[in-house]
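This report concerns only the one structure given below.
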Amino acid sequence: ITPSPYIDLHILGKGLTGYPEPIDSQFVVSYPMVLNLLKAHSLDQIEGLLAKSFAQFQLNQRSSIHQDHLDQIKEQLIPYGPRECADWITQWKGFDLARRRKAHRHPIVTNDTPFLTACLPFLSPGRLIGLPKGQAIILRQYRSRGTFAPMLSVIRAKGTLGECPAHSVTQVYDRLFEFQPSRTIPWCQPQVLSQLKKELSQLPAHLPTVPILPETQETDDPLLAEMLTEEFPCPTCPSHSACKKDFPLASKLRQKSQQLTKTIQALRDGLWHRFQQKADVLHKFGYITASSQLTADGEWARLIRINHSLLITELIRMEAFSGIAPGLLAGIMASISHDDDRPGSYMRLPSGLATMLTQVRAVADSLSPYEPPPLLRSDVAALVESWIGNPQLTWASLVRSTSMAEGDVYRLLARTLEFLSQIYGLKFTHPGLADTAHSAMVTMRREVLQELP
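Each number in my numbering corresponds to the 1-based position in the sequence shown with 16 added.
Structure representation (structure tokens):
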């Protein structure tokens, strides 16, 4: 093992002495995968292939575990069955809301996106989530007083408590830590807080996520506004006292039951649903027809089998790389491929590269609803551009010009070479751009990079 400031010996020791991690499918439904599947198979065949995949097999295993939990919840709900009204839990919820409602207040209007609305039922206390700065466990969910935006109180991986907006959640993991929330800070018992800190420090490297299906989420009852203006039979009902006593626990069990039902449905249909989502986006941008046949653009776009493929194909379609220099093309590909936000080279940015990065960033932001935008770091682009644009530059001089580790520089150039090779594969449809990519690849392969394929 070669010593390095980025190597944690505790993690290495745990990996060498502990039990091996379970095998998890790395299957991801991407845009080029959808195009290539549609090229070779019909929709019925694709649905069958996805259903037989190892990824779906693991999702079915997880859904079976949730199904057992759902059966237990349903057994606990049996004592809270129909009373004078068939669905007394919903009836009492509407009655309680009408009783608490202030007539002089204006109705609250939320601006939650459909995806956020679908996520909110899963963002309950004890849920493990991913944030831009790491993982966290939710302690409570609430609405801000000013904008009524959904907010979360969380405990982060370092053991600190904090608040964050619900829309900042990047991942909803299929891991829930049960505990009894409290009404005051730290929103749970001290011993529970210590246990949650311990759980966060012992999380495995790979965790399954909950597939979120926005269109399967139930919207608010359209009759609720009418119900709030009607007279309820609850005050004179003989079950009034029983409903008032049982509602808190019954409502919590009902919420868990609905959440588990949505989770099971999302796990069983998740792969096919994500495939359909990607196909709809490709149809919107003109890569496939309404009958799921590849268009002329779809035929060559399926050959771009790398991250941020939609961004790259859109840049090619709008001729953003027309007449571009090899070094500039390599710099743009490096900034798209690089996903590390650690400080880098701080090199001087040429004016042409700065202008090009601004254009690429504008396109990436416009595509953000369909594909997460890359970091597009200018220092990384300048580093690769200098290596291609100055063939006399030695490897030692390049490494000295940056604060990046030598191995990180090598991996960056190797990754850039992979992206350029994908563009070179378009030599039959975009010969000029392919020649530029090939020229950049030839110039890049020198000194220690000669061995790269």
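Even for Gly, the Cβ is constructed at its ideal location relative to N, Cα and C.
Note that the structure is predicted; figures quoted are calculated from it, not measured.
Three-way DSSP call (helix, strand, coil) for residue i in this model
i	result
Gly-150	strand
Gln-292	helix
Asp-395	helix
Gly-302	coil
Val-45	coil
Leu-168	strand
Tyr-158	strand
Tyr-440	helix
Leu-327	helix
Leu-244	Confidence at Leu-244 is low in this model, with a pLDDT of 47, below 50, so its placement is unreliable and the value that follows should be read with caution. In the structure shown, Leu-244 sits in coil (DSSP, three-state: anything other than H, G, I, E or B).
Asp-424	helix
Gln-77	helix
Pro-238	Legend: pLDDT at Pro-238 = 48, less than 50; position of this residue unreliable, no value from coordinates given.
Asp-190	strand
Gly-347	helix
His-120	Low local confidence applies: a pLDDT of 45 at His-120 is under 50, so the model's placement there is unreliable, with the coordinate-based value given in what follows. Coil at His-120, not helix or strand.
Cys-180	strand
His-26	helix
Arg-143	strand
Leu-319	coil
Leu-468	coil
Leu-409	coil
Leu-414	helix
Leu-310	strand
Thr-163	coil
Thr-374	helix
Thr-501	In this structure the chain extends from 17 to 469, so residue 501 is not present and cannot be described.
Asn-127	coil
Glu-335	coil
Pro-342	helix
Gly-34	coil
Pro-98	coil
Thr-432	helix
Leu-136	helix
Gln-88	helix
His-446	coil
Ile-62	helix
Cys-204	coil
Thr-232	Residue placement at Thr-232 cannot be trusted, given a pLDDT of 46 that sits under 50; what the coordinates show is reported in the next sentence. Looking at Thr-232 - three-state DSSP - the assignment turns out to be helix.
Ile-39	coil
Gly-175	coil
Lys-68	coil
Leu-273	First, the residue type needs correcting, since residue 273 is Ser and not Leu in the sequence shown. Looking at Ser-273 - three-state DSSP - the assignment turns out to be helix.
Phe-263	helix
Asp-356	coil
Residue j beta carbon less than 8 angstroms from that of residue i
i	j	result
His-222	Asp-40	yes
Leu-433	Met-457	yes
Arg-159	Ala-152	no
Leu-369	Glu-401	yes
Tyr-47	Ala-266	no
Lys-268	Pro-137	no
Ala-421	Ile-439	no
Ile-228	Ala-282	yes
Phe-291	Leu-51	no
Ala-312	Ile-304	no
Gly-146	Gln-187	yes
Leu-326	Ser-351	no
Leu-276	His-82	yes
Pro-389	Ala-380	yes
Asp-355	Leu-391	yes
Leu-501	Leu-144	In this structure the chain extends from 17 to 469, so residue 501 is not present and cannot be described.
Ser-255	Glu-100	yes
Ala-336	Gln-293	no
Leu-177	Gly-142	no
Met-349	Ile-404	no
Ile-213	Gly-162	Here residue 213 turns out to be Lys, not Ile, going by the sequence shown. In this structure, Gly-162 does not lie closer than 8 angstroms to Lys-213 by Cβ.
Tyr-426	Val-464	yes
Assumed close pair residue i, residue j - CB separation to whole angstroms, cut-off 8 angstroms
i	j	result
Ser-308	Leu-93	Actually they do not touch by this definition, with Cβ atoms about 42 angstroms apart.
Val-185	Leu-139	7 angstroms
Pro-230	Phe-131	5 angstroms
Arg-78	Asp-190	6 angstroms
Three CB pairs or more closer than 8 angstroms across the segment 323-339 and the segment 409-423 | no
Inter-stretch contact (C-beta, 8 angstroms, three-pair minimum) for the segment 444-457 and the segment 335-346 = yes
Is there contact between the segment 306-319 and the segment 431-448, where contact requires at least three CB pairs shorter than 8 angstroms?
-> yes
Segment contact, 8 angstroms Cβ cut-off, at least three pairs: the segment 53-72 with the segment 269-288 | yes
Should the segment 100-111 be regarded as contacting the segment 256-263, the criterion being three or more beta carbon pairs within less than 8 angstroms?
-> yes
Are three or more beta carbon pairs between the segment 143-157 and the segment 188-205 nearer than 8 angstroms?
-> yes
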